[in-house]
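Residue numbers (our numbering), protein chains in the order written: chain A, 1 to 395; chain B, 396 to 790.
Only one structure is covered here, and it is reproduced in the block below.
Protein chains: 2
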Amino acid sequence: MKKLFLLAAFALTAMLTQAQQALWGGSQIVSPEVHDNNTVTFRLKAPKAVKVQVTGDFLPTQKIKTPFGEFDGPGYADLVEKEGVWEWTTPEPLKPELYSYTFLVDGLRINDPSNVYMIRDVQSVTNVFIIGGERADLYKVNDVPHGNVAKVWYNSPTAGMKRRMTVYTPAGYEESGKRYPVFYLLHGMGGDENAWSELGRAAQILDNLIAQGKAKPMILVMTNGNISQEAAPGETSNGFVAPSMQLPKTMEGSFETAFPDVVKYIDSHYRTIRSKKARAIAGLSMGGFHSLHISKQYPDMFDYVGLFSAAILPDQKMDSPIYQNFDAKLATQFAKKPALYYIAIGNTDFLYKANCDYRKMLDEKGYKYEYFETGEGHIWKNWRIYLTEFAPKLF
Amino acid sequence: MKKLFLLAAFALTAMLTQAQQALWGGSQIVSPEVHDNNTVTFRLKAPKAVKVQVTGDFLPTQKIKTPFGEFDGPGYADLVEKEGVWEWTTPEPLKPELYSYTFLVDGLRINDPSNVYMIRDVQSVTNVFIIGGERADLYKVNDVPHGNVAKVWYNSPTAGMKRRMTVYTPAGYEESGKRYPVFYLLHGMGGDENAWSELGRAAQILDNLIAQGKAKPMILVMTNGNISQEAAPGETSNGFVAPSMQLPKTMEGSFETAFPDVVKYIDSHYRTIRSKKARAIAGLSMGGFHSLHISKQYPDMFDYVGLFSAAILPDQKMDSPIYQNFDAKLATQFAKKPALYYIAIGNTDFLYKANCDYRKMLDEKGYKYEYFETGEGHIWKNWRIYLTEFAPKLF
Chain A
1 MKKLFLLAAF
11 ALTAMLTQAQ
21 QALWGGSQIV
31 SPEVHDNNTV
41 TFRLKAPKAV
51 KVQVTGDFLP
61 TQKIKTPFGE
71 FDGPGYADLV
81 EKEGVWEWTT
91 PEPLKPELYS
101 YTFLVDGLRI
111 NDPSNVYMIR
121 DVQSVTNVFI
131 IGGERADLYK
141 VNDVPHGNVA
151 KVWYNSPTAG
161 MKRRMTVYTP
171 AGYEESGKRY
181 PVFYLLHGMG
191 GDENAWSELG
201 RAAQILDNLI
211 AQGKAKPMIL
221 VMTNGNISQE
231 AAPGETSNGF
241 VAPSMQLPKT
251 MEGSFETAFP
261 DVVKYIDSHY
271 RTIRSKKARA
281 IAGLSMGGFH
291 SLHISKQYPD
301 MFDYVGLFSA
311 AILPDQKMDS
321 PIYQNFDAKL
331 ATQFAKKPAL
341 YYIAIGNTDF
351 LYKANCDYRK
361 MLDEKGYKYE
371 YFETGEGHIW
381 KNWRIYLTEF
391 APKLF
Chain B
396 MKKLFLLAAF
406 ALTAMLTQAQ
416 QALWGGSQIV
426 SPEVHDNNTV
436 TFRLKAPKAV
446 KVQVTGDFLP
456 TQKIKTPFGE
466 FDGPGYADLV
476 EKEGVWEWTT
486 PEPLKPELYS
496 YTFLVDGLRI
506 NDPSNVYMIR
516 DVQSVTNVFI
526 IGGERADLYK
536 VNDVPHGNVA
546 KVWYNSPTAG
556 MKRRMTVYTP
566 AGYEESGKRY
576 PVFYLLHGMG
586 GDENAWSELG
596 RAAQILDNLI
606 AQGKAKPMIL
616 VMTNGNISQE
626 AAPGETSNGF
636 VAPSMQLPKT
646 MEGSFETAFP
656 DVVKYIDSHY
666 RTIRSKKARA
676 IAGLSMGGFH
686 SLHISKQYPD
696 MFDYVGLFSA
706 AILPDQKMDS
716 PIYQNFDAKL
726 ATQFAKKPAL
736 YYIAIGNTDF
746 LYKANCDYRK
756 MLDEKGYKYE
766 YFETGEGHIW
776 KNWRIYLTEF
786 APKLF
């Protein structure tokens with residue numbers, strides 16, 4: 001009997017492994033392989049392919065023409081085939097960063113079947129890997145205490161629905177009995193309540209900054225800024241719909257109007273410090289637009305404001321009272337001397353000029369702000385950087 | 396100025412959409428398309444491909460030979476090309492179910508670039524879709540109150556590490572002030588704390604059963620049964636490693652020994668009913684093995700036990716005290732008359748005979764249990780079914 005059951009245990013493991021591979025094509029190819037010197041090899045088993053390329057944000061960019069002008073798109077590198085396995089190694093070590101890539105096989109864009117790590121950005125899913133070191137170590141899961149990340153449904157009476165958000169509570173929250181400051185972090189157009197925790201590595205960044213003593217322990221609240229939805233695509237009764245960049249009611253005042261519902265929920269369900277000095281709001285692109293308007297509409301709510309590559313549309317004329325009396329509301333906000341008003345943008349961002357104009361206006365009025373400029377444009381690489389710069393300044 | 400900013404707003408939307416597509420190949424192809432009659436059309440734009448197939452669990456199975464015998468693998472269907480777009484429609488309507496599929500393009504297995512909904516099963520990522528109706532409506536997000544799902548780090552002094560688990564709290568938990576029963580739900584070999592919430596649709600199933608009044612509101616705790624890991628692949632300081640079916644310390648007593656740490660954490664951090672009558676444990680495959688041994692090792696802990704396609708290895712001889720005195724411990728467990736001892740398995744499962752033998756032994760000893768048999772084998776379709784059958788019987 002002993003022998004029989006040992007055989008059974010072995011067979012269980014072996015059969016399941018084999019079944020797995022037979023059924024779903026598990027791969028023995030290692031890709032991407034990050035070498036000790038931070039060069040990276042990409043591999044794809046595709047014996048019948050004629051041409052295989054890799055495209056990703058670690059390659060030199062190429063100009064792409066659009067009706068709105070030229071902008072930078074990613075480059076491509078050709079893989080070389082040997083016995084059915086295509087391969088390419090970066091000629092130089094890659095700098096520390098979280099990188100995205102896909103393969104192009106005879107023009108067909110595919111994910112790397114050897115890499116289960118993928119992130120969705122609106123309608124597209126790309127593989128990811130991290131080259132550690134420097135700032136990119138903040139994007140990794142390190143051997144430090146971890147906060148919890150929850151998908152939370154809250155009631156928004158103003159929006160007339162229950163809505164979903166992502167809430168990070170820092171390591172130690174459960175045991176400490178303490179009250180914590182709260183940082184509200186908003187996504188851009190096409191994003192949702194999953195964007196900052198997945199594309200933005202926000203939980204890892206906070207875990208690491210807090211463990212290093214560089215940021216204060218805080219609650220991080222990542223809302224869904226598309227007020228026409230209850231939740232991210234796939235998480236509502238609409239089913240597995242295709243995600244869309246162009247949703248209704250994204251920048252017409254509804255989200256800003258309903259925002260106090262979020263703060264009310266968080267303050268009544270978490271151990272928060274319920275005061276302006278312990279609240280921050282920041283967002284990227286559309287979320288920067290939302291942060292700008294929410295913070296000026298409710299001037300006693302947030303002491304820290306961050307505009308990351310913000311969609312600055314100061315003369316936007318909409319029906320919503322949110323956008324009315326812009327100058328007077330901004331004057332009120334700055335008369336109350338916010339602890340931090342932070343603007344960050346990349347110098348090739350298509351919103352760069354709009355942000356320059358906005359800063360010029362702030363300068364003319366003598367409104368104090370901090371400014372942080374990076375290279376490159378409207379990309380997650382920059383938004384992760386801005387989060388690592390902004391969070392340590394809070395509270 | 397008004398015109399300028401309206402143009403800017405339009406340009407922002409249009410450029411981002413275009414950039415998105417240019418950069419990452421967003422697709423206008425609709426796939427899969429579920430028609431009103433529940434036939435489904437799959438499409439792939441691949442002008443240079445020679446042969447395109449779809450493989451998935453909705454296709455008639457094919458026999459696959461292994462050293463351990465024949466078993467059922469999925470079938471394939473050939474797509475037909477027209478103007479660069481390959482297409483295939485199921486000849487018959489599909490029955491209500493959550494289905495998985497991938498494409499094979501000239502032998503290369505790829506995910507459907509038009510479908511962002513994917514689930515990882517060990518090393519493989521497949522696309523998914525749901526045909527609604529009947530039991531499969533329980534797998535959908537419906538317009539009902541939703542529970543919250545959290546990734547929680549708990550301290551396991553016995554394992555000597557902090558470990559990650561998934562905790563579902565039912566809708567209303569935050570406001571009710573009530574105490575709740577707890578259902579501990581364990582994964583199989585190759586799985587982790589994400590398996591039941593993703594592959595198993597456990598949160599959707601509980602939301603729906605509770606909303607229909609078929610299951611009691613309960614807390615659902617989904618642990619990580621691989622005691623050598625802190626957390627799922629990618630969620631530890633090991634980085635983005637390839638997931639593995641063959642991990643050390645999976646069925647040698649360590650997980651069972653450390654399990655009381657989980658119960659202790661849950662009972663001290665959630666509003667639970669802290670008694671045997673309000674605790675259930677169930678698991679699939681290896682998780683069924685764990686549930687069997689944990690429930691008999693701690694006979695005053697769980698009143699409800701579920702073995703789903705359990706890896707029954709009753710004569711396993713290991714050093715761990717967990718497996719010693721099997722007969723005596725089982726006698727003690729059944730002398731205490733568990734409220735439910737539930738065994739479910741598919742009649743083509745490779746563990747079917749081991750489960751028959753185990754039931755025969757229970758019968759001989761007069762130990763009462765419920766038995767539920769389905770068709771097919773060791774697959775997630777069955778485990779979702781068993782969860783929908785088991786949860787309504789609890790508490």
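C-beta atoms are modelled at their ideal positions from N, C-alpha and C, and glycine is treated no differently.
Because the structure is a prediction, the values reported are computed rather than measured.
Status (buried if at least 16 other CB within 10 Å, exposed otherwise) for residue i
i, result
"H35 of chain A", "exposed"
"Y323 of chain A", "buried"
"K178 of chain A", "exposed"
"A335 of chain A", "exposed"
"K546 of chain B", "buried"
"E235 of chain A", "buried"
"V447 of chain B", "buried"
"G346 of chain A", "buried"
"D602 of chain B", "buried"
"Y563 of chain B", "buried"
"G200 of chain A", "buried"
"N800 of chain B", "In the structure as shown, chain B starts at 396 and stops at 790, and residue 800 of chain B therefore has no counterpart that could be examined."
"Y471 of chain B", "exposed"
"V523 of chain B", "buried"
"G56 of chain A", "buried"
Residues that residue i contacts on chain B, provided the C-beta gap is smaller than 9 Å
i, result
"D106 of chain A", "A441, P442, K443, A444, V500 and D501"
"I130 of chain A", "G634 and F635"
Where residue i meets chain A, residues with beta-carbon distance less than 8 Å
i, result
"K535 of chain B", "S237 and G239"
"D744 of chain B", "What D744 of chain B touches in chain A: nothing, since even the nearest Cβ is about 11 Å away."
"V475 of chain B", "In chain order: nothing, as chain A lies at least about 17 Å away."
Residue i: contacting residues in chain B (beta-carbon distance under 7 Å)
i, result
"E97 of chain A", "Ordered by position in chain B, no residue passes the 7 Å Cβ test against E97 of chain A, which lies about 14 Å from the chain."
"Q324 of chain A", "None at all; the shortest Cβ gap to chain B is about 14 Å."
Proximal residues of chain A, C-beta to C-beta of residue i below 7 Å
i, result
"G629 of chain B", "Y117"
"E569 of chain B", "H269"
"V547 of chain B", "N148"
"D538 of chain B", "S237"
Interface flag, residue i vs chain A, CB-CB below 7 Å
i, result
"N506 of chain B", "yes"
"N543 of chain B", "yes"
"A515 of chain B", "In the sequence under discussion, the amino acid at residue 515 of chain B is Arg, which differs from the Ala named in the question. Closer than 7 Å to some Cβ of chain A, the Cβ of R515 of chain B qualifies, so yes."
Residue-chain proximity (residue i, chain B), Cβ-Cβ < 7 Å
i, result
"H269 of chain A", "yes"
"V85 of chain A", "no"
"V54 of chain A", "no"
"V125 of chain A", "yes"
"G25 of chain A", "Residue confidence is low: G25 of chain A scores 45 on pLDDT, short of 50, so the model does not pin down where it sits. Its coordinate-derived value is still stated next. So, interface residue."
Proximal residues of chain A, C-beta to C-beta of residue i below 9 Å
i, result
"P643 of chain B", "Per Cβ cutoff of 9 Å: no residues; P643 of chain B is ~12 Å from chain A at best."
"P638 of chain B", "V116"
Which runs of the beta strand (DSSP E) at least 3 residues long sit entirely within the segment 530–557 of chain B? Give them in chain order.
Runs of the beta strand (DSSP E) inside the segment 530–557 of chain B: 543–551.
Where in the segment 466–520 of chain B do unbroken runs of the beta strand (DSSP E), each at least 3 residues long, occur, reported from the N-terminal end onward?
Along the length of the segment 466–520 of chain B, whole beta strand (DSSP E) runs at least 3 residues long occupy 470–473, 475–477, 480–484, 492–500, 503–505 and 513–516, reported in chain order.
Sequence ranges, alpha helix (DSSP H) only - wholly within the segment 607–643 of chain B, length at least 4:
DSSP runs (the alpha helix (DSSP H)) wholly in the segment 607–643 of chain B: none.
Can you list the beta strand (DSSP E) stretches of 3 or more residues lying completely in the segment 324–366 of chain A, in chain order?
Within the segment 324–366 of chain A, complete beta strand (DSSP E) segments of at least 3 residues are found at 340–346, given in chain order.
May I have a chain-ordered list of the alpha helix (DSSP H) segments no shorter than 4 residues that lie completely inside the segment 646–682 of chain B?
649–664
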